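Colleague: Going down the list, the sequences are from chains A and B.
Start counting the first sequence at 0; every next residue gets the next number (numbering that gives the first Met the number 0).
Start counting the second sequence at 0; every next residue gets the next number (numbering that gives the first Met the number 0).
A virtual CB, placed ideally from N, CA and C, is assigned to each residue, including glycine.
Every value quoted in this text rests on a predicted model; they were computed, and no experiment measured them.
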Amino acid sequence: MSEFLSNVVAWLKTDQALAIFKAALILLAGLLIARLISRRLKLRRLHEQQSMILRKVLVSVVLAVAVLWSLRELGLDMGVLLGAAGILTVAIGFASQTSASNIISGIFLMGERPFQIGDVVQVGQTTGYVLAIDFLAVKLRTFDNLLVRIPNETMLKSEVTNYTRFAIRRVDLQIGVAYKEDLARVREILFAIARRDPLALDEPSPLFLFKGFGASAIEIQFSVWSAQESFYPLRTRLYMDIKAAFDAEGIEIPFPHLSLYTGSATSPLPVQLVEKAEAGGAAQSSLGSGPLQPQSGV
Amino acid sequence: MHAGKHPHWWGDYRIARGTTARWRIGPLTLWVQRLPGEWRMATEAGGDPLDSGLAFEQSVEVDDLAQRESTRRFALGQDSDRISLSARLADRAIVTRSEKPLSVPAGEEVQLFVSSPVWIRIEAGEPARFIDEMPIHRPSDTWFGPNSQHGELCYASTSSHRLRLEEVPIRPHRATTSVRVQNRAGSILSLDRLQVPVERLCLYVSKDGRLWTDDVIYTRREEDLASLAMRSREEDASGLAAVKIAEPRRAAGGHIALRAFSSIFG
Numbered sequence: 000m001s002e003f004l005s006n007v008v009a010w011l012k013t014d015q016a017l018a019i020f021k022a023a024l025i026l027l028a029g030l031l032i033a034r035l036i037s038r039r040l041k042l043r044r045l046h047e048q049q050s051m052i053l054r055k056v057l058v059s060v061v062l063a064v065a066v067l068w069s070l071r072e073l074g075l076d077m078g079v080l081l082g083a084a085g086i087l088t089v090a091i092g093f094a095s096q097t098s099a100s101n102i103i104s105g106i107f108l109m110g111e112r113p114f115q116i117g118d119v120v121q122v123g124q125t126t127g128y129v130l131a132i133d134f135l136a137v138k139l140r141t142f143d144n145l146l147v148r149i150p151n152e153t154m155l156k157s158e159v160t161n162y163t164r165f166a167i168r169r170v171d172l173q174i175g176v177a178y179k180e181d182l183a184r185v186r187e188i189l190f191a192i193a194r195r196d197p198l199a200l201d202e203p204s205p206l207f208l209f210k211g212f213g214a215s216a217i218e219i220q221f222s223v224w225s226a227q228e229s230f231y232p233l234r235t236r237l238y239m240d241i242k243a244a245f246d247a248e249g250i251e252i253p254f255p256h257l258s259l260y261t262g263s264a265t266s267p268l269p270v271q272l273v274e275k276a277e278a279g280g281a282a283q284s285s286l287g288s289g290p291l292q293p294q295s296g297v
Numbered sequence: 000m001h002a003g004k005h006p007h008w009w010g011d012y013r014i015a016r017g018t019t020a021r022w023r024i025g026p027l028t029l030w031v032q033r034l035p036g037e038w039r040m041a042t043e044a045g046g047d048p049l050d051s052g053l054a055f056e057q058s059v060e061v062d063d064l065a066q067r068e069s070t071r072r073f074a075l076g077q078d079s080d081r082i083s084l085s086a087r088l089a090d091r092a093i094v095t096r097s098e099k100p101l102s103v104p105a106g107e108e109v110q111l112f113v114s115s116p117v118w119i120r121i122e123a124g125e126p127a128r129f130i131d132e133m134p135i136h137r138p139s140d141t142w143f144g145p146n147s148q149h150g151e152l153c154y155a156s157t158s159s160h161r162l163r164l165e166e167v168p169i170r171p172h173r174a175t176t177s178v179r180v181q182n183r184a185g186s187i188l189s190l191d192r193l194q195v196p197v198e199r200l201c202l203y204v205s206k207d208g209r210l211w212t213d214d215v216i217y218t219r220r221e222e223d224l225a226s227l228a229m230r231s232r233e234e235d236a237s238g239l240a241a242v243k244i245a246e247p248r249r250a251a252g253g254h255i256a257l258r259a260f261s262s263i264f265g
């Protein structure tokens, strides 16, 4: 046992042990600095996502320098290592064109900043909160709590709608009223509803747009501005208030109508009435003793 | 209003355990119930916004307070009977409109009176703990800015620009602001809309019971620049001096601010 200890002590005094100790110390210092950067670095002038990218780049650089320095202390020839790394990089570069494309797209996205972490965006059919903007992909949390990862290249090529960029939004309500209704009265009721609701912005003023004579109704668009965070509560509340006000005022919201013609615009559709079957007869029919008679026919 | 101390709705109140107090302040009715270790509060805000009524009942019979949709519960460890109501100005700027635009020729100045809604801040227990805050009458939201992209979310005031103080009624839930507009530019100033940064103003009460804010002075110097200054009502020399009852919600950031003309006058 004492011989083993004396061997260990002797080994600790060698240059090799000193080099390993120095390498470990450098690696440890690198790790500590990287951890410090990762946890503490936050520049006020930068956005959250820019700070995150800066942190990741600095951590990678510090770790790379620490590893290379440690290897150098261990006596490895850096020239050979870097040369090998260069060849490896070219090989990896050819093999990972998609990743490279995503990284470059990510850099463009970060420079352009069409959205930030926390914004609500729509990409294709997906709408959700932006959770992270990384080198390779953007991560969204949809309203039904799913994580969607969209590659940066796709983000750059797609149409992206940011719902939360501006402080106010317009609620566009599509309304149909019957042809017999007085549109001036309808307009007055709609404006009164918007005036009563504190979430409906006073300015910009609401808009009443006549959209056209529809198949079953006169089509109207009533547009009301709201604060961005009040958009969904206001939209629901306005539709409910409009339904209640129209019911109270006797204004008809028509369902789709279908008019049948027999080929000539002037001739009425022929209608033939058939006498009602007697109660006893109907009972008899239900017993299966005779065919059922229709009550009316066309 | 309470215990014969003063005729205002704000101040300290004592609520006995197991009882419910009721305040009616203009369009708002507020119920506060004290239970062991718990305060319950309910509101009804659908009254007439022009109502100036003021009433307080120390103990009222309420059966369904817990069933009301507006009821909130607050747990307080210290069993104290103290509840405190205080008045605050709005948490955003107010935008006032003229029924007809008022024109101020170059070199002229005008004093306007506008009114804005007041909020109630409620604290309970010993030591006092903040429990809630609400507008006595919730004003409508509005946008103040050159377009839908640039601007500020404000409250719309239903009051218009009055030139005479007598035209602004004294209401327990509205504060009056004296706005002096000085047109030092070379062209006529048409006052259609005006932004009053009430969140940066102090609140006062004068002897006649009117709630006041700091005075606001706008000076239009060039076509696109205007300066904004605030003056304390405590120093008013016109006989309408008032006592301060609330500090501003946001620091004024210097007494005088130079702002873009369009950010003050709509």
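1) With DSSP as the reference, label A:Gln-96 as helix, strand or coil.
2) Could you give the distance in angstroms between the alpha-carbon of B:His-160 and the alpha-carbon of A:Arg-236?
3) Closer than 9 angstroms, Cβ to Cβ, to anything on chain B: give me those residues from the stretch 103-124 of chain A, in chain order.
4) May I ask you to report which of helix, strand or coil DSSP gives A:Ile-174?
5) Could you name the residues of the stretch 144-163 of chain B whose beta carbon sits closer than 7 angstroms to any beta carbon of chain A, in the order they occur along the chain?
6) Counting pairs of Cβ atoms below 8 angstroms between the stretch 197-213 of chain B and the stretch 167-184 of chain B, do you hit three or more?
7) Please report whether the beta-carbon of B:Asp-140 lies at a distance below 8 angstroms from any beta-carbon of chain A.
8) In three-state DSSP terms, what is A:Tyr-231?
9) With distance defined between alpha-carbon atoms, name the residue in B:Leu-202, B:Gln-110, B:Gln-66, B:Ala-241 nearest to B:Arg-249.
10) Which same chain residues, not among the five before or five after A:Val-223, have their C-beta less than 6 angstroms away from its C-beta?
11) With 8 angstroms as the threshold, decide whether the Cβ of B:Arg-137 is near any Cβ in chain A.
12) Mind checking if A:Gln-165 is an interface residue toward chain B, Cβ cutoff 8 angstroms exclusive?
13) Taking a contact to mean a Cβ-Cβ separation below 8 angstroms, would you say A:Ile-298 touches A:Tyr-178 in this structure?
14) Just to confirm my understanding: we take A:Gln-227, look at its own chain, exclude 5 residues before and 5 after, and list those with CB closer than 8 angstroms. What are they?
15) So, does the CB of A:Leu-45 fall closer than 8 angstroms to a CB anywhere in chain B?
16) Using a threshold of 8 angstroms, state whether the C-beta atoms of B:Ile-216 and B:Ala-228 are closer than that.
17) Considering Cα atoms alone, identify which of B:Thr-218, B:Glu-43, B:Ile-169 is closest to B:Arg-67.
18) Does the pairing of the stretch 85-105 of chain B with the stretch 184-194 of chain B give three or more beta-carbon distances under 8 angstroms?
19) Residues in its own chain within less than 7 angstroms of A:Leu-11 by CB, not counting five upstream and five downstream?
20) Any beta carbon from chain B within less than 8 angstroms of A:Trp-224's own beta carbon?
21) Using 10 angstroms around the beta-carbon of B:Tyr-12, count the other beta-carbons present and answer buried if the total reaches 16, otherwise exposed.
22) Hey, how far is the Cα of A:Ile-241 from the Cα of A:Glu-152?
23) Below 7 angstroms CB to CB, which residues in the same chain sit around B:Met-133 once its five sequence neighbours on both sides are set aside?
24) Counting only C-beta atoms, is A:Glu-187 closer than 8 angstroms to chain B at any point?
25) Buried or exposed: which applies to A:Thr-160, given that a residue is buried once 16 or more other Cβ atoms fall within 10 Å of its Cβ?
26) Helix, strand or coil for B:Asp-140, going by three-state DSSP, please let me know.
27) Taking the straight line between their C-alpha atoms, what separation do you get for B:Trp-142 and A:Leu-172?
28) Could you tell me which chain B residues have their CB closer than 7 angstroms to the CB of A:Leu-198, listed as they occur along the chain?
29) In three-state DSSP terms, what is B:Glu-43?
30) Which residue from B:Ala-225, B:Trp-38, B:Glu-165, B:Gln-181 puts its Cα closest to that of B:Leu-75?
31) Does B:Val-113 get closer than 8 angstroms to chain A when you measure Cβ to Cβ?
32) Under 9 angstroms between beta-carbons, which chain B residues line up against A:Asp-240? List them in chain order, please.
33) When burial is assigned at 16 or more other CB atoms within 10 Å of the CB, is B:His-136 buried or exposed?
34) May I have the straight-line CA-CA distance separating B:Ser-97 from A:Pro-232, to the nearest angstrom?
35) Using a threshold of 7 angstroms, is the CB atom of A:Val-89 nearer than that to any non-hydrogen atom of the ligand FAD?
36) Taking the CB atoms as reference points, tell me whether A:Leu-67 and A:Met-77 lie closer together than 8 angstroms.
Modeller: For this structure:
1) helix
2) 32 angstroms
3) none
4) strand
5) Ser-147, Gln-148, Leu-152, Ala-155
6) yes
7) yes
8) helix
9) B:Leu-202
10) Val-170, Ala-193, Ala-199, Pro-205
11) yes
12) It should be noted that the sequence gives Phe, not Gln, for residue 165 of chain A. Closer than 8 angstroms: yes.
13) Because residue 298 of chain A is not part of the residues shown, which for chain A are 0 to 297, the question remains open.
14) Tyr-162, Thr-163, Phe-165, Ala-166, Ile-167, Arg-168
15) no
16) yes
17) B:Glu-43
18) yes
19) none
20) yes
21) buried
22) 44 angstroms
23) Thr-42, Trp-118, Ile-119
24) no
25) exposed
26) strand
27) 20 angstroms
28) Asp-140
29) strand
30) B:Trp-38
31) no
32) Within chain B, no residue comes near A:Asp-240; the closest Cβ sits about 14 angstroms away, beyond 9 angstroms.
33) buried
34) 30 angstroms
35) Ligands are entirely absent from the displayed structure, and the ligand FAD is therefore not among its contents.
36) yes
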